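Chains as they are written, first to last, in this note's numbering: chain A, 170 to 436; chain B, 15 to 288.
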């Protein structure tokens, strides 16, 4: 039997479906670039979800934990070697994702004898100024894209679009204030966007009375999801004098942000 | 870890370990560098400034942690090569390394340890234990020995840390083979350290142990010790031109002693002999 173009299409579709099925219910991740630094926010269920990769680089992903871990370790190895042998200044998300991670994932995806990776990852990089901050989204098949200002990853494109819309709306409102948003309101806004994403994933049509208040709906989703999960946020801090800019946001800040997110229309 | 995980990770990052301390100058190469020019060296020792050396560094405890001081001089044979050397270097948030001996090798070790500790924490998702860090340092000190036997590349570190579990400062010093010793009160390394060894004991026996002293008192004693080292050792720099370097480690982490505070104490010490 020969190999036909149809077999090729079939195989690609099957592998893509396999990956997308695995990604569909992943807990979304929200990223924001702020004056204070770069923020990633999610709600974790079992494993920790936001990781430090290098001095100015952090990472989060949805998918199979083993694939998430393999990409994380590969990225940490690579960044560490490059930073040690050359300079920490030469470790950038662009180089990491574009020249190393993407080709490796693409190789695995197109190899018929290998299980495709189930992963959608986001790399957040803090530049010297907020304008230089960057987010890279990397997919199971090696495809990647660069984003500025905000980013959202979720199991479906619809959920991601809904989250981006919520974030943009909030950023526009917050930008009218002086000096840009502070950390806690930003985490709260990210949590509301996260809830919007989860609602979209669950494919819930807003009820008549709920539709009037997006905040109430987000609050209901958060209340439900936080029975089993908890909030996790990573910050690349522009103010710290340490070389390593990464830290996990403290529980107190997260608690206050959560109250803010679950509260009324308070912005 | 499953095969496919290993495979993806190694596809991304290759199979070699992420960070490896270069072994430095191999003994054979070191032998070439020195043995190749024996007559030139013995005839004019200053004609071949082979290698820059850091001189004296001192660590003493105080009631809140540890103080490290060092002069700023780096020498090669009889030449002063650099008078703004920094020989007290943070390797993580709660650990200071004070270095003496081969400047090139010591700087590379500091760079290696900084990267290596961070790499461990990032990949393993937990910080390296104190014991792990001390062993890592012992390994790189011992790795310099073959070259040191040939005359270059040897260095001796003093490691100071704040042990947050025990809530106290701790000081460790090493010999050239990598043997590790924990000191209860103080440690020193470098060319001027031999001349002041007995002074440490004199201070402890007359003024009490360093770990009961207030910060200001311990800092003054440490700078006085450095001043005596500079008086008695040709390679140790004084502070007529450049102030020495002093850092503290406490429960709050590592802090520089301010220039104003250093200037006040060094002026006071200078007055002692007027």
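Yeah, the Cβ is synthetic: ideal placement off N, Cα and C, and Gly gets one too. All of these numbers come straight from a predicted model, not from anything done at the bench.
Grouping DSSP H, G and I as helix and E and B as strand, with all else coil, what is residue i?
i: residue 95 of chain B; result: strand
i: residue 333 of chain A; result: helix
i: residue 220 of chain B; result: helix
i: residue 75 of chain B; result: strand
i: residue 341 of chain A; result: helix
i: residue 250 of chain B; result: coil
i: residue 130 of chain B; result: helix
i: residue 121 of chain B; result: helix
i: residue 280 of chain B; result: helix
i: residue 409 of chain A; result: coil
i: residue 181 of chain A; result: helix
i: residue 215 of chain B; result: helix
i: residue 88 of chain B; result: strand
i: residue 108 of chain B; result: coil
i: residue 140 of chain B; result: coil
i: residue 176 of chain A; result: helix
i: residue 26 of chain B; result: helix
i: residue 395 of chain A; result: coil
i: residue 255 of chain B; result: coil
i: residue 225 of chain A; result: coil
i: residue 183 of chain B; result: strand
i: residue 263 of chain A; result: helix
i: residue 274 of chain B; result: helix
Between the alpha carbons of residue i and residue j, how many angstroms are there, rounded?
i: residue 12 of chain B; j: residue 221 of chain B; result: A question about residue 12 of chain B goes unanswered here, because the residues of chain B that appear run from 15 up to 288.
i: residue 249 of chain B; j: residue 87 of chain B; result: 7 Å
i: residue 259 of chain B; j: residue 78 of chain B; result: 19 Å
i: residue 106 of chain B; j: residue 167 of chain B; result: 24 Å
i: residue 246 of chain A; j: residue 135 of chain B; result: 12 Å
i: residue 187 of chain A; j: residue 285 of chain A; result: 8 Å
i: residue 180 of chain B; j: residue 268 of chain B; result: 17 Å
i: residue 289 of chain A; j: residue 241 of chain A; result: 12 Å
i: residue 272 of chain B; j: residue 74 of chain B; result: 18 Å
i: residue 200 of chain A; j: residue 223 of chain A; result: 17 Å
i: residue 420 of chain A; j: residue 387 of chain A; result: 21 Å
i: residue 229 of chain B; j: residue 323 of chain A; result: 54 Å
i: residue 279 of chain B; j: residue 243 of chain B; result: 16 Å
i: residue 349 of chain A; j: residue 317 of chain A; result: 16 Å
i: residue 204 of chain B; j: residue 227 of chain A; result: 41 Å
i: residue 70 of chain B; j: residue 90 of chain B; result: 14 Å
i: residue 406 of chain A; j: residue 283 of chain A; result: 39 Å
i: residue 239 of chain B; j: residue 269 of chain A; result: 53 Å
i: residue 281 of chain A; j: residue 180 of chain A; result: 8 Å
i: residue 127 of chain B; j: residue 120 of chain B; result: 10 Å
i: residue 65 of chain B; j: residue 252 of chain A; result: 26 Å
i: residue 344 of chain B; j: residue 72 of chain B; result: Given that chain B is displayed from residue 15 to residue 288, the structure contains no residue 344 of chain B and the question cannot be resolved.
i: residue 371 of chain A; j: residue 392 of chain A; result: 15 Å
i: residue 414 of chain A; j: residue 162 of chain B; result: 37 Å
i: residue 218 of chain A; j: residue 148 of chain B; result: 31 Å
i: residue 118 of chain B; j: residue 165 of chain B; result: 14 Å
i: residue 344 of chain A; j: residue 418 of chain A; result: 23 Å
My understanding is that residue i touches residue j, with C-beta atoms under 8 Å, so please give their C-beta distance in whole angstroms.
i: residue 102 of chain B; j: residue 261 of chain B; result: 5 Å
i: residue 274 of chain A; j: residue 292 of chain A; result: 13 Å between Cβ atoms; not a contact.
i: residue 110 of chain B; j: residue 263 of chain B; result: 6 Å
i: residue 239 of chain A; j: residue 22 of chain B; result: 4 Å
i: residue 112 of chain B; j: residue 172 of chain B; result: 4 Å
i: residue 356 of chain A; j: residue 208 of chain A; result: 7 Å
i: residue 33 of chain B; j: residue 129 of chain B; result: 5 Å
i: residue 11 of chain B; j: residue 199 of chain B; result: Because chain B in this structure spans residues 15 to 288, residue 11 of chain B falls outside the shown range and cannot be described.
i: residue 315 of chain A; j: residue 326 of chain A; result: Not a contact, Cβ separation roughly 17 Å.
i: residue 146 of chain B; j: residue 99 of chain B; result: Contact flag wrong, Cβ pair sits at about 29 Å.
Taking all protein chains shown into account, decide if residue i is buried (16 or more other Cβ within 10 angstroms of its Cβ) or exposed.
i: residue 206 of chain A; result: buried
i: residue 114 of chain B; result: buried
i: residue 85 of chain B; result: buried
i: residue 195 of chain B; result: exposed
i: residue 183 of chain A; result: exposed
i: residue 215 of chain B; result: exposed
i: residue 363 of chain A; result: buried
i: residue 82 of chain B; result: buried
i: residue 191 of chain B; result: exposed
i: residue 319 of chain A; result: buried
i: residue 254 of chain A; result: exposed
i: residue 175 of chain A; result: exposed
i: residue 190 of chain A; result: exposed
### Query
Can you find at least 3 beta carbon pairs, one from the segment 328 to 336 of chain A and one from the segment 397 to 413 of chain A, that sit closer than 8 Å?
no
### Query
Hey, is the segment 334 to 345 of chain A in contact with the segment 305 to 314 of chain A, meaning 3+ C-beta pairs nearer than 8 Å?
no
### Query
Using 8 Å as the Cβ pair cut-off and three pairs as the minimum, do the segment 414 to 432 of chain A and the segment 230 to 249 of chain A touch?
no
### Query
Looking at C-beta atoms only, is the number of pairs between the segment 191 to 200 of chain A and the segment 246 to 263 of chain A that lie closer than 8 Å three or more?
no
### Task
Inspect the CB distances between the segment 205 to 219 of chain B and the segment 238 to 253 of chain B and report whether three or more fall short of 8 Å.
yes
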